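Trainee:
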Amino acid sequence: MSELALTLLRLGFLALLWVGVFTTLSVLRRDLRAPREARPMAVQVSGSSPSAGQPAKRTKSRKGQRLVVTEGPLSGTVVPLGSTPITIGRAPDSTLVLDDDYASTNHARVYPAGGDWIVEDLNSTNGTWLGNTRITRPTVLPVAVDLRVGKTVMQVRK
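Heads up: the sequence shown runs through residues 163 to 320, numbered per this note's numbering.
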């Protein structure tokens, strides 16, 4: 092989290596800067109560007052339930930040609706479980029933 061909081959290989490095960096950058505005809007839950006219007492005060973590690394953590939604996941801006490999960045959301607490899975990879049932749509979150997000288990309590 001539000296010129060998030099061109080396430069081509070097350029190919740098293309690989820049491709890897762009993929990492895109993954780390995932859009945060991709969260779904609040869903109107209909048909969650057995009767159309609920008593006024039930709509004024919620059944549960706090969300208590019962199992997992954050066991014993209490999150008061107010009028704002609670987000659960690995994202630093979540209300309940989980350091859990099985939890998604934006995993689930708990929000008030008509006197009840509603839990909604935010298209998580491993799912959100209420008791032994995987949640596929917004569901009423009863008091003292296990809500599992990854390895973390929590309950709504009075």
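All C-beta atoms, glycine included, are put in the ideal place defined by N, C-alpha and C. None of the values given here were measured: they were computed from a predicted structure.
Do you know whose CA, among PRO304, ALA265 and ARG172, lies nearest THR287's CA?
Mentor: ALA265
Trainee: Is DSSP giving ALA167 helix, strand or coil here?
Mentor: Three-state result, ALA167: helix.
Trainee: Give the DSSP-derived three-state secondary structure of LEU303 in the structure shown.
Mentor: Coil.
Trainee: Can you say whether TRP180 is buried or exposed, counting buried as having 16 or more other CB atoms within 10 angstroms of its CB?
Mentor: So TRP180 ends up on the exposed side.
Trainee: Along the chain, where does the beta strand (DSSP E) that runs through GLN317 open and close?
Mentor: Segment 314–319, the beta strand (DSSP E) holding GLN317.
Trainee: Give the straight-line distance between the Cα atoms of ARG228 and THR295, rounded to the nearest whole angstrom.
Mentor: 22 Å
Trainee: Among THR169, ASP262, LEU190 and TRP279, which one has its Cα closest to the Cα of ARG319?
Mentor: TRP279
Trainee: Tell me the rounded alpha-carbon separation between MET316 and ASP262.
Mentor: Roughly 14 Å between the two C-alpha positions.
Trainee: Hey, would you say TRP291 sits closer than 9 Å to ARG310, going by beta carbons?
Mentor: Cβ atoms of TRP291 and ARG310: closer than 9 Å.
Trainee: Could you tell me how far apart the beta carbons of GLY244 and HIS269 are, in whole angstroms, since I believe they sit closer than 8 Å?
Mentor: Not really, about 20 Å apart at Cβ, beyond 8 Å.
Trainee: Taking the C-alpha atoms as reference points, what is the distance between ALA306 and ALA275?
Mentor: 18 Å
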